[in-house]
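So for the sequence shown, this note's numbering puts the first residue at 1; every next one is plus one.
From the three backbone atoms N, C-alpha and C, an ideal C-beta is built for every residue, glycine too.
Single-structure report; data block below.
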Amino acid sequence: MTTTTSRIDVEQAAPELYRAMLRLDGAVAKSGLDPQLQDTLKFRVAQMNGCAYCMDMHARDAVAGGERPERLYVVAGWREAGDLFDERERAALALMEEMTAIGDHGVSDEVYDAAAEHFSESELAALIFLNMTINAWTRLGVTAKLTP
Numbered sequence: 001m002t003t004t005t006s007r008i009d010v011e012q013a014a015p016e017l018y019r020a021m022l023r024l025d026g027a028v029a030k031s032g033l034d035p036q037l038q039d040t041l042k043f044r045v046a047q048m049n050g051c052a053y054c055m056d057m058h059a060r061d062a063v064a065g066g067e068r069p070e071r072l073y074v075v076a077g078w079r080e081a082g083d084l085f086d087e088r089e090r091a092a093l094a095l096m097e098e099m100t101a102i103g104d105h106g107v108s109d110e111v112y113d114a115a116a117e118h119f120s121e122s123e124l125a126a127l128i129f130l131n132m133t134i135n136a137w138t139r140l141g142v143t144a145k146l147t148p
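Structure below.
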């Protein structure tokens, strides 16, 4: 049986843990990574994890931040999207996807090295933390059955 009723309000049930997550998320947001890139990557990870709540939020944030909607429409097919995504964005998307599906095959040297070629060490660390936080949020959203 499927329901659209939320299961738990984690902010209320575990306020200290929720605030800690917000602090980490805020620190990642201020890491120096392009905010538009962050929103696009968050949207893609939310897609992969099937979190409608997060997809809705990050699509809106991305468009408000200047992202073109047509890029969001095809971000799941970024490899086949021609020149809609540049090499730096492609490297970030590949890293996000492999980290999100880490149990399937880990993060390949090829994908990691491509990201390291396009991002400084501090940016690369920020990408890793971005992936960690958005995966945590989407898993919370899916488990709690949050809806847009």
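Between which two residues does the alpha helix (DSSP H) containing Val75 stretch? Here Val75 belongs to no alpha helix (DSSP H), and DSSP marks it neither H nor E.
Have a look at Glu87, Arg139, Ala136 and His105 and flag the residue whose alpha-carbon is nearest the alpha-carbon of Leu37. Glu87
Give me, in chain order, the residues of the same chain whose beta-carbon lies closer than 7 Å to that of Val45; leave out the 5 immediate sequence neighbours on both sides. Met96, Thr100, Asn131, Ile134, Asn135 and Thr138
Taking just the CA atoms, how far does Glu98 sit from Met48? 11 Å
Alpha carbon to alpha carbon, what distance is there between Asp109 and Ala115? 10 Å
Got a sec? Which residues, its chain only, sit under 7 Å from Cys51 by beta carbon, not counting five neighbours each side? Thr138, Gly141 and Val142
Counting pairs of beta carbons, one from the region 14-21 and one from the region 51-64, are three or more of them closer than 8 Å? no
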